[in-house]
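Trainee: Chains as they are written, first to last, in our numbering: chain H, 53 to 232; chain G, 35 to 411.
Written out as structure tokens, the structure reads:
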């Protein structure tokens, strides 16, 4: 793995930035790879399209921004329309089936998953959609070991929500396996 | 024991560096993209016996930072361009009265309120010349999250050692990105405390320099009574209208920095030895430059990176080594060509100096620098 560029997008408040931080942390702190997380944001704190970007590499990373993502995750239609224009032809777009009615067209592969429905109904809390996303994304792309990712998730979530988040991560991985 | 590895945001790393250096007082006024520094220190300073104050505005924040330092605590504030403009009057007071403190400017775009959430590097001349009058400046420009920590420690050390305000000049990209960094163990990095007087309080002269040109500084309330004023002053601290003395004192202040150039100026010289082209870059732009230089080297181009971690005093002695050897200097910066003027000044027409300039809130990409490198062949 030379350099993987990942963009996680949705609406502000969906936890995509936290998801990005967890993924980059899993790769760097827990697996010793190089990783950078960055974000761009507008003045609005909630709503509006928001994205987090992660670069994972075996080598030092100098330029910290994503240039042509290998993977884009979009949890809303607005994010899908806005953030996959520079997705590589060989790349992967992961969209939420409920929120993204019309996935943008391109040479890249598109996988639709029931991320938000799974979080709300199967795991029992819509708020953990970002952790479901992480589980699915990592199961599809193998950036880090599942156990590493779990460790990173548990290091970042509030006390008392560990079981919920473990369940969310596993549910995401299940979704991905079914879609493979 | 292995060092602790933490995944931190650039601004969070500044907080870690401040605590490591012994900062115990922060006065600030929140402003994007520096707010995380205030947030972080508001939570952590009280736990180590320090104080955090959110002041009524940027001017007061700078004044309180100076006051905290006079009271004997290592003090800092953080802001961005608009706040930096407001701090200028009191910053000048800090220079003339020789008060150690650290000011972090996380640069964003534009004059005035500008582009609040995007990066910029347009405050590099303000950092040197922003407040009126002749005065030396020490300005550090980190490029990585690790350097955000280490250079914050160095900023405090230089402030304490040379008894003056020091600016950590970073930008939105470095301030907001996250990387894994190693937290230095206590004792691993040098931590310098200001010289304090040992003489009898009645003999204390607050502006009487020692051989290093730096006067020892007494904490207010420690029994050493003295006067501080923004007017030019005699060694006893009281105002004086003696122009000759004012000139001698200001030259001494300039010299306390310039005579210690080797101690203050830090530069990364990467692949410069045989370089026909040198990219001169600092802060976030230096990250793009390094990637471009590595790629161009792979293509066989003799190109190097000259990266000042100390931007002021300008690293002219380091740069002069390459003048007459290097054919071209490329200066990418997120402004319309400010530090390029300094490179021009040192190069003195003996090489081509080309800027790559952007102020559209987007970083300069490695490809843009590569294009300029390729144009040189």
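Even for Gly, the Cβ is constructed at its ideal location relative to N, Cα and C.
No experiment lies behind these values; they were computed from the predicted model shown.
Could you round the C-beta distance between residue 280/G and residue 289/G to whole angstroms and report it? I think they count as a contact, below 8 Å.
Mentor: Here residue 280/G corresponds to residue number 246 of the second chain, with the count starting at 1. Here residue 289/G corresponds to residue number 255 of the second chain, with the count starting at 1. Not a contact, Cβ separation roughly 15 Å.
Trainee: Have a look at the DSSP bridge pairing and note the partners of residue 346/G.
Mentor: By 1-based counting over the second chain, the position of residue 346/G is 312. Residue 346/G is bridged to 173/G.
Trainee: Could you tell me whether the Cβ atoms of residue 366/G and residue 315/G are closer together than 8 Å?
Mentor: Position 332 of the second chain, counting from 1, holds the residue named residue 366/G. Position 281 of the second chain, counting from 1, holds the residue named residue 315/G. In contact: residue 366/G and residue 315/G (Cβ atoms closer than 8 Å).
Trainee: DSSP three-state call for residue 148/H: helix, strand or coil?
Mentor: Along the first chain, one-based indexing puts residue 148/H at 96. DSSP places residue 148/H in strand when its eight states are reduced to three.
Trainee: Please report how far the alpha carbon of residue 162/G lies from the alpha carbon of residue 379/G, in whole angstroms.
Mentor: On the second chain, position 128 is the one that residue 162/G refers to. On the second chain, position 345 is the one that residue 379/G refers to. Looking at the two C-alpha atoms, the distance is approximately 16 Å.
Trainee: Between the stretch 81-94 of chain G and the stretch 125-134 of chain G, are three or more C-beta pairs nearer than 8 Å?
Mentor: They do not touch, by the three-pair rule.
Trainee: Between residue 141/G and chain H, is there a C-beta pair that is closer than 8 Å?
Mentor: As a first step, residue 141/G is located in the second chain; it is residue number 107 there, counting from the start. It does not; no Cβ of chain H falls within 8 Å.
Trainee: Roughly how many angstroms lie between the CA atoms of residue 187/G and residue 225/G, to the nearest whole one?
Mentor: As a first step, residue 187/G is located in the second chain; it is residue number 153 there, counting from the start. As a first step, residue 225/G is located in the second chain; it is residue number 191 there, counting from the start. Taking the straight line joining both Cα atoms gives about 7 Å.
Trainee: Using a cut-off of 7 Å between C-beta atoms, extract the partners of residue 108/H located in chain G.
Mentor: Indexing the first chain from 1 puts residue 108/H at position 56. By Cβ distance, chain G contributes nothing, its closest Cβ being about 11 Å from residue 108/H, past 7 Å.
Trainee: For residue 56/H, tell me which candidate among 116/H, 213/H, 211/H has the shortest Cα-Cα distance.
Mentor: Here residue 56/H corresponds to residue number 4 of the first chain, with the count starting at 1. Of the candidates 116/H, 213/H, 211/H, the one whose C-alpha sits nearest the C-alpha of residue 56/H is 116/H.
Trainee: Compare the C-beta of residue 85/G against all C-beta atoms of chain H and say whether one is closer than 8 Å.
Mentor: Your numbering for residue 85/G matches position 51 in the second chain. Cβ-Cβ to chain H under 8 Å: no for residue 85/G.
Trainee: For residue 267/G, which beta-bridge partners are listed by DSSP?
Mentor: Against the second chain, residue 267/G aligns to sequence position 233. Answer by DSSP bridge pairing, in chain order: 273/G.
Trainee: What's the call for residue 157/H, buried or exposed, on a 16-neighbour Cβ count within 10 Å?
Mentor: Counted from its first residue, the first chain places residue 157/H at position 105. Classification of residue 157/H: exposed, given that the 10 Å Cβ count is below 16.
Trainee: If you reduce the DSSP assignment to three classes, tell me which class residue 110/G lands in.
Mentor: Along the second chain, one-based indexing puts residue 110/G at 76. Looking at residue 110/G - three-state DSSP - the assignment turns out to be strand.
Trainee: Taking only the alpha-carbon atoms, compute the straight-line gap between residue 218/H and residue 200/H and give it to the nearest angstrom.
Mentor: Against the first chain, residue 218/H aligns to sequence position 166. Against the first chain, residue 200/H aligns to sequence position 148. Roughly 12 Å separates the two Cα atoms.
Trainee: To which residues of the same chain is residue 242/G closer than 7 Å at the C-beta, ignoring the five residues directly before and after it?
Mentor: For the purposes of this step, residue 242/G is identified with residue 208 of the second chain, where counting begins at 1. Once the five neighbours on either side are set aside, the close Cβ partners of residue 242/G are 249, 269.
Trainee: Might you give, ordered along the chain, the residues of its own chain that have their beta carbon closer than 8 Å to the beta carbon of residue 202/H, omitting 5 neighbours on each side?
Mentor: For the purposes of this step, residue 202/H is taken as the residue at position 150 of the first chain. Answer for residue 202/H: 218, 221, listed in chain order.
Trainee: Counting pairs of Cβ atoms below 8 Å between the stretch 153-162 of chain G and the stretch 284-304 of chain G, do you hit three or more?
Mentor: Cβ pair count under 8 Å is below three, so no.
Trainee: If we count Cβ pairs, one from each stretch, closer than 8 Å, do we get three or more for the stretch 399-407 of chain G versus the stretch 358-375 of chain G?
Mentor: Contact between the stretch 399-407 of chain G and the stretch 358-375 of chain G is present, because at least three Cβ pairs lie under 8 Å.
Trainee: In the DSSP assignment, find the unbroken beta strand (DSSP E) run with residue 139/G in it and report its ends.
Mentor: Stepping through the second chain from its first residue, residue 139/G is reached at position 105. Taken as a continuous stretch (DSSP letters only), the beta strand (DSSP E) holding residue 139/G covers 135-143.
Trainee: Cβ of residue 76/H less than 8 Å from any chain G Cβ?
Mentor: In the first chain, residue 76/H corresponds to position 24, counting from 1. Chain G contact via Cβ: present.
Trainee: Can you give me the Cβ contacts of residue 58/H inside the same chain, cut-off strictly under 6 Å, excluding the 5 residues immediately before and after it?
Mentor: Working through the first chain from its first residue, we reach residue 58/H at position 6. Hits under 6 Å: 106, 123.
Trainee: Determine, using beta carbons only, whether residue 39/G comes closer than 8 Å to chain H.
Mentor: If you number the second chain from 1, residue 39/G lands on position 5. Residue 39/G counts as touching chain H.
Trainee: Quick one: residues in its chain with C-beta nearer than 8 Å to the C-beta of residue 144/G, no 5 flanking neighbours on either side, listed in chain order?
Mentor: On the second chain, residue 144/G is found 110 positions in, with the first residue counted as 1. Counting only Cβ-Cβ distances below 8 Å, and skipping sequence neighbours, we find 115, 154, 156, 393.
Trainee: For residue 71/G, is the classification buried or exposed, using 16 other Cβ atoms within 10 angstroms of its Cβ as the cut-off for buried?
Mentor: For the purposes of this step, residue 71/G is taken as the residue at position 37 of the second chain. Under this definition residue 71/G is a buried residue.
Trainee: Where residue 225/H and residue 207/H are concerned, what is the direct C-alpha to C-alpha distance, given to the nearest angstrom?
Mentor: Locating residue 225/H in the first chain gives position 173, where the first residue counts as 1. Locating residue 207/H in the first chain gives position 155, where the first residue counts as 1. If I take the Cα positions, the gap works out to 19 Å.
Trainee: Can you list, in chain order, the residues of its chain whose CB lies under 8 Å from that of residue 140/H, leaving out five sequence neighbours each side?
Mentor: Sequence index remark: in the first chain, residue 140/H carries index 88 (1-based). Closer than 8 Å at the Cβ level, and outside the excluded window around residue 140/H, lie 120, 121, 122, 160.
Trainee: Which ranges does the alpha helix (DSSP H) cover as unbroken runs of at least 4 residues, wholly within the stretch 74-157 of chain H, from first to last along the chain?
Mentor: Qualifying alpha helix (DSSP H) stretches, in chain order: 129-135.
Trainee: What do you get for residue 352/G, buried or exposed, if any count of 16 or more other CB atoms within 10 angstroms of its CB means buried?
Mentor: Here residue 352/G is taken as the residue at index 318 of the second chain, counted from 1. Buried, since its Cβ has 16 or more Cβ neighbours within 10 Å.
Trainee: Assuming residue 219/H is part of the beta strand (DSSP E), what are its boundary residues?
Mentor: Your numbering for residue 219/H matches position 167 in the first chain. Segment 214-231 is the alpha helix (DSSP H) holding residue 219/H; no beta strand (DSSP E) there.
Trainee: Here's a check: name, in chain order, each residue in its chain whose Cβ is nearer than 7 Å to the Cβ of residue 128/G, leaving out the five neighbours to either side.
Mentor: Position 94 of the second chain holds residue 128/G. Closer than 7 Å at the Cβ level, and outside the excluded window around residue 128/G, lie 100, 135, 199.
Trainee: Assuming residue 71/H contacts residue 104/H under a Cβ cut-off of 8 Å, what Cβ separation, rounded to an integer in Å, is found between them?
Mentor: On the first chain, residue 71/H is found 19 positions in, with the first residue counted as 1. On the first chain, residue 104/H is found 52 positions in, with the first residue counted as 1. Right, their Cβ atoms sit about 7 Å apart.
Trainee: Closest to residue 67/G by C-alpha separation, out of 122/G, 207/G, 383/G, 390/G, would be which residue?
Mentor: Taking the first residue of the second chain as position 1, residue 67/G is located at position 33. Per the Cα distances, 207/G.
Trainee: So what does DSSP say about residue 125/G, is it helix, strand or coil?
Mentor: By 1-based counting over the second chain, the position of residue 125/G is 91. Helix.
Trainee: Taking 8 Å as the cut-off, does the stretch 103-110 of chain G touch the stretch 171-180 of chain G (at least 3 CB pairs, one atom from each stretch)?
Mentor: Short answer: they don't touch.
Trainee: Just checking my contact of residue 190/G with residue 57/G at CB under 8 Å: how many whole Å lie between their CB atoms?
Mentor: Position 156 of the second chain, counting from 1, holds the residue named residue 190/G. Position 23 of the second chain, counting from 1, holds the residue named residue 57/G. Their Cβ separation, rounded to whole angstroms, is 6 Å, which keeps residue 190/G and residue 57/G in contact under 8 Å.
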